[in-house]
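J.:
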Amino acid sequence: MQGQALPGFRDFYPEELALRNHIFTTWRDVARRYGFQEYDGPPLEPLELYTDKSGEEIVQQLYTFQDKGEREVALRPEMTPTLARMVGARAQALKKPIRWFSIPQLFRYERQQRGRLREHFQLNMDVIGEAGPAADAEIMAAVIDIARACGLTSTDVRLRVSDRRILVNELKDRHAVADGEMLGVLSALDKWGDEPALTERRLQRALGDSPERRGSVTAFLGLLAKEDSATVERLLGAPAAEPLRECRTRLDAMGLGDFVTVDFRIVRGLAYYTGIVFELFDAQRSLRAICGGGRYDTLIQEIAGVDLPCVGFGMGDVVLGELLKERGKHAEAPSRVDAFLIAVGAEDVAPVLKLAHELRDRGVAVEYALRDAPIRKQLELAVARGAPRAVIVGPDERKAKVAVVRDLKSGRQRKVALTQVRKGVFK
Ligand code: HAM
25 MQGQALPGFR
35 DFYPEELALR
45 NHIFTTWRDV
55 ARRYGFQEYD
65 GPPLEPLELY
75 TDKSGEEIVQ
85 QLYTFQDKGE
95 REVALRPEMT
105 PTLARMVGAR
115 AQALKKPIRW
125 FSIPQLFRYE
135 RQQRGRLREH
145 FQLNMDVIGE
155 AGPAADAEIM
165 AAVIDIARAC
175 GLTSTDVRLR
185 VSDRRILVNE
195 LKDRHAVADG
205 EMLGVLSALD
215 KWGDEPALTE
225 RRLQRALGDS
235 PERRGSVTAF
245 LGLLAKEDSA
255 TVERLLGAPA
265 AEPLRECRTR
275 LDAMGLGDFV
285 TVDFRIVRGL
295 AYYTGIVFEL
305 FDAQRSLRAI
315 CGGGRYDTLI
325 QEIAGVDLPC
335 VGFGMGDVVL
345 GELLKERGKH
355 AEAPSRVDAF
365 LIAVGAEDVA
375 PVLKLAHELR
385 DRGVAVEYAL
395 RDAPIRKQLE
405 LAVARGAPRA
415 VIVGPDERKA
425 KVAVVRDLKS
435 GRQRKVALTQ
445 VRKGVFK
């Protein structure tokens, strides 16, 4: 025995793959309804695509090695830098705004915990080339509509939204955080709540030996955590909050306002976000984020030298899958076959093979026993396969040009003309 899959990597047995396929189908369906086109990129990328742009946390989690051509490479931990490169390379030719989606498998060497693995699949939907809040609202609406398409309501999930521009102004104006310190402070805020000790360490590093400023930032965080209404109202009233207000108005107009809460604690861990940021959580917040995204207006400039504003999100299959299982909203593995064909005796095998082939050519899913067995055994296998019916062919039936069609749930059976059965009509 070669043991197990690596820690944090999954074997997808058919039942688990059924859930993954159900999630992929829902993702693709909503992306299609929103007019997004699918793209993909390579799973292995040059290391430097991530080292400057993604932020410290993701870089620490990279699967990286030197390839045989002595290039430093990394398995993709996220899709956004690849997207930025691809769009940047054809920026002139592509009609803006670009609406693209992808479902890459991503790799991060994370500390294993509930909802966090070392590989996951992630739907990415991004709008590129539109700076206004209508694009942000469209992207957020897609997140909510995926939740809805999965059968989740506003009592199950909540989209928590904020805007880094509001927070950055506040930190600059009221807490004397300098531009060069900002990213460090934001990455500290991102861990606040989940990992207080890490927040403390990051604040310490970002603000150095300035206990007053650390104290003032921490006190501000305390107010946000309490959802202090005066603070929230003040921040929401700021001129920098105009895009956020506009997004809310638009989401209200779409009838999705119930899903949305303004939460200034959301900052996102990745370095490249420049504006609106959001995360989707289960309403109890018992699981990690189902999805995260926001506006990143400078990434394509930094990667490809083209000025194109972007907004988008990534939604993983792991937390969403857990939530769907918890709520009983996951799809059962679909029945594999429409009919199980049964040959009564050895001389019935060839006619059954012929019939199986005719049905398969018509798109009907059929199976039959791969070795001679008594009818009882064949019926047992048919039931185990979840087949809705067995089609039994014996010498008498062949003479009468019929087959016996047995409903495997009720046990009722009837004779059906072979001409009908061949067409996939079983009654
Ligand atoms: P992210 O927040 O790193 O964003 O990941 C987005 C989502 O992917 C998370 O909310 C979570 O559901 C899932 N996810 C991330 N890491 C793991 C993991 N180790 N195991 C399981 N699920 C995970 C990004 O990656 C951005 N590039 C998204 C984006 C696209 N922003 C703009 N466009």
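Take 25 as the starting number for the sequence shown in this note's numbering and just add one per residue.
We put the CB at the ideal spot given by N, CA and C, even for glycine.
Could you check whether P31 and R135 sit closer than 8 Å to each other, using their CB atoms as the reference points?
T.: no
J.: Examine the ligand SAM and report whether any of its heavy atoms sits within less than 7 Å of the Cβ of Q129.
T.: No copy of the ligand SAM occurs in the structure displayed; its ligands are the ligand HAM alone.
J.: Could I get the ranges of all uninterrupted alpha helix (DSSP H) runs contained in the segment 135–222, with 4 residues as the minimum, in chain order?
T.: 157–173, 188–199 and 203–214
J.: For G329 and A295, I'd like the C-alpha separation in whole angstroms.
T.: In this model, G329 and A295 are separated by some 18 Å (Cα to Cα).
J.: Give, in chain order, every unbroken run of the alpha helix (DSSP H) that is at least 4 residues long and sits entirely within the segment 30–83.
T.: 38–57 and 72–75
J.: Could you check which residue in A370, S359, A367 and E404 has the C-alpha nearest to that of A389?
T.: S359
J.: Would you be able to state if there are at least three C-beta pairs under 8 Å between the segment 55–63 and the segment 177–190?
T.: no
J.: Tell me the DSSP secondary structure of F125 in three-state form.
T.: strand
J.: Given the structure, does Y58 come close to the ligand HAM, in the sense that its CB is under 7 Å from one of the ligand's heavy atoms?
T.: no
J.: Please report how far the alpha carbon of T298 lies from the alpha carbon of D321, in whole angstroms.
T.: 6 Å
J.: With which residues is V343 paired in a DSSP beta bridge?
T.: According to DSSP, V343 bridges with nothing at all.
J.: Where do the ends of the beta strand (DSSP E) carrying A380 lie?
T.: Not the beta strand (DSSP E): A380 falls in the alpha helix (DSSP H), residues V373 to D385.
J.: Take G435 as the anchor and find which of R413, K423 and E96 has the nearest alpha-carbon.
T.: R413
J.: Of the choices P128, L442 and L222, whose alpha-carbon is the least far from that of Y63?
T.: P128
J.: Between L311 and L347, how many whole angstroms is the CB-CB distance? I'm expecting something under 8 Å.
T.: 6 Å
J.: Would you report the Cα separation of D420 and L432, rounded to the nearest angstrom?
T.: 21 Å
J.: Going by the C-beta, is L99 closer than 7 Å to any heavy atom of the ligand HAM?
T.: no
J.: Using a threshold of 7 Å, is the CB atom of D203 nearer than that to any non-hydrogen atom of the ligand HAM?
T.: no
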